[in-house]
């Protein structure tokens, strides 16, 4: 947290967690899709479900998918704008178990037929956490360029990824490792201070034992799913 | 990020700089932003606060219909010169309502420090600027002072109603505004800390008990008490009244009170006003 997080942010009300955080979840999803979204089935969990309507959480999620920022005065009109732009959306309740009370699951379809399944949580003060992408653990904030690598749990993959980052002069801000079990599927979630060049992402994708590479950039919309 | 107001006072004294400069210097260095650019970003925040007041629409109602048009009523009474609390406090009250009603009605505000408490700091600062005709630059310096106080509260305790109850939101906003007003009146670092301490002390223990879990009832009107409390705290500090408990210890007390609060009165909408028969009725 810095001084600007305390004094701000500038945002459309009424709630940093239920409104601004919801816009940010939509923004990250839109960037991960990196193409026009034509259908969004949105499932609300916990407090998002209980008080979401009164807080405009539904409008905020759709606004985020349309690429609006947290201070866009058009957030309250997002449903109308979505219809005009050909984004078909729906809302349903869901029970995501132990997930954070302010969570939503979004099933998205892009104009090329591409699909994306994201679970995101608004964890307070407008901060978010992207918990899952396409059913796999993710766990990142969306504040930094983020590299998510799903790989087989074998020796050397962490070294391959971190050497590539060193080679490209990219500094690691945070790094998390998980695995389903010894020798099973593993996940690396790496937040970085600099953007990672696209050719480096492409190179990673072709390595033996790497199952999937997802890159999220908080700046320009780009991804390599 | 400073971890105590005591440290900020120490830096001011050692380096011979103003309270706001100590805060700017530290954050600009932490974020690796030049001071000029840092000041410009803070200016954007202040201008957005003024806009959040200007853009008030008396005809809007919140989604639930519980909030809307309150500031207009105060404005009318103020124009008729009928307010018991006088014109300056009248302006503070009106602006606190204008900005926090706007928040409830999905308009653009500055979450300073949170969306629910967004009316307090602009109500105090913009009213002061209108009354004394100060430049925006001077007001931005005051906003630094408020931010530094908020930062220490965030570091030592919390700014979140879900963690610390309403004292962490309206109480913190009130402490931030009190320090900023004190600075504008020419208060030194010690007086600024006393103003912040007295403002927060007055609101310790305040529950976060929103009806239907929405940032409407009682949040909008609590912005008024936070803003007015900032004015009286700043006046007390300028008169030489000191907080017997130092500001940093008041903040620690806020944290420990928040920890002891039942989750029912920490933004869940299950206790306090939300659990009253009328509160429950309003949910329907």
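Protein chains in written order, with our numbering: chain A, 1 to 225; chain B, 1 to 284. By construction, the Cβ of each residue, glycine as well, lies at the ideal position given by its N, Cα and C atoms.
Residue i classed as buried or exposed, judged by whether at least 16 other C-beta atoms fall within 10 angstroms
{"i": "residue 1 of chain A", "result": "exposed"}
{"i": "residue 92 of chain A", "result": "exposed"}
{"i": "residue 266 of chain B", "result": "buried"}
{"i": "residue 220 of chain A", "result": "Here the model assigns residue 220 of chain A a pLDDT of 47, short of 50, so the residue's position is not dependable and the matter cannot be decided."}
{"i": "residue 40 of chain B", "result": "exposed"}
{"i": "residue 144 of chain A", "result": "buried"}
{"i": "residue 184 of chain B", "result": "buried"}
{"i": "residue 159 of chain A", "result": "exposed"}
{"i": "residue 167 of chain A", "result": "exposed"}
{"i": "residue 142 of chain A", "result": "buried"}
Bridge partner(s) assigned by DSSP for residue i
{"i": "residue 215 of chain A", "result": "A:147"}
{"i": "residue 132 of chain B", "result": "None; residue 132 of chain B has no bridge partner."}
{"i": "residue 177 of chain A", "result": "A:188"}
{"i": "residue 208 of chain B", "result": "B:266"}
{"i": "residue 132 of chain A", "result": "A:119 and A:137"}
{"i": "residue 110 of chain B", "result": "A:10"}
Check whether residue i and residue j have beta carbons under 9 Å apart
{"i": "residue 161 of chain A", "j": "residue 195 of chain A", "result": "no"}
{"i": "residue 31 of chain B", "j": "residue 3 of chain A", "result": "yes"}
{"i": "residue 60 of chain A", "j": "residue 20 of chain A", "result": "yes"}
{"i": "residue 100 of chain A", "j": "residue 78 of chain A", "result": "no"}
{"i": "residue 122 of chain B", "j": "residue 72 of chain B", "result": "no"}
{"i": "residue 84 of chain A", "j": "residue 36 of chain A", "result": "no"}
{"i": "residue 238 of chain B", "j": "residue 143 of chain B", "result": "no"}
{"i": "residue 101 of chain B", "j": "residue 140 of chain B", "result": "no"}
{"i": "residue 212 of chain B", "j": "residue 282 of chain B", "result": "yes"}
{"i": "residue 183 of chain A", "j": "residue 105 of chain B", "result": "no"}
{"i": "residue 173 of chain B", "j": "residue 223 of chain B", "result": "yes"}
{"i": "residue 84 of chain B", "j": "residue 125 of chain B", "result": "no"}
{"i": "residue 152 of chain A", "j": "residue 192 of chain A", "result": "no"}
{"i": "residue 15 of chain A", "j": "residue 215 of chain B", "result": "yes"}
Presumed contact (8 Å Cβ cut-off) between residue i and residue j, rounded CB distance
{"i": "residue 111 of chain B", "j": "residue 68 of chain A", "result": "The pair is not a contact, with the Cβ atoms about 17 Å apart (cut-off 8 Å)."}
{"i": "residue 157 of chain B", "j": "residue 164 of chain B", "result": "6 Å"}
{"i": "residue 149 of chain A", "j": "residue 131 of chain A", "result": "Contact doesn't hold; Cβ gap of about 17 Å is too wide."}
{"i": "residue 170 of chain B", "j": "residue 203 of chain B", "result": "6 Å"}
{"i": "residue 150 of chain B", "j": "residue 6 of chain A", "result": "4 Å"}
{"i": "residue 259 of chain B", "j": "residue 73 of chain A", "result": "The pair is not a contact, with the Cβ atoms about 38 Å apart (cut-off 8 Å)."}
{"i": "residue 40 of chain A", "j": "residue 108 of chain A", "result": "5 Å"}
N-terminal and C-terminal residue of the beta strand (DSSP E) that residue i is part of
{"i": "residue 36 of chain A", "result": "Counting along the chain, residue 36 of chain A falls outside any beta strand (DSSP E), and DSSP gives it neither H nor E."}
{"i": "residue 186 of chain A", "result": "185-192"}
{"i": "residue 241 of chain B", "result": "First-last for residue 241 of chain B: undefined, no H or E at that position."}
{"i": "residue 104 of chain A", "result": "102-110"}
{"i": "residue 248 of chain B", "result": "Counting along the chain, residue 248 of chain B falls outside any beta strand (DSSP E), though it belongs to the alpha helix (DSSP H) covering 247-260."}
{"i": "residue 10 of chain A", "result": "10-12"}
{"i": "residue 93 of chain A", "result": "88-93"}
Limits of the unbroken alpha helix (DSSP H) element including residue i
{"i": "residue 93 of chain B", "result": "87-104"}
{"i": "residue 176 of chain B", "result": "170-184"}
{"i": "residue 14 of chain B", "result": "5-15"}
{"i": "residue 215 of chain B", "result": "Counting along the chain, residue 215 of chain B falls outside any alpha helix (DSSP H), and DSSP gives it neither H nor E."}
{"i": "residue 7 of chain A", "result": "3-7"}
{"i": "residue 62 of chain A", "result": "57-65"}
Heavy atom of the ligand PLP within 8 Å of residue i beta-carbon
{"i": "residue 6 of chain B", "result": "Within the structure as shown, the ligand PLP is missing, as the structure has no ligands at all."}
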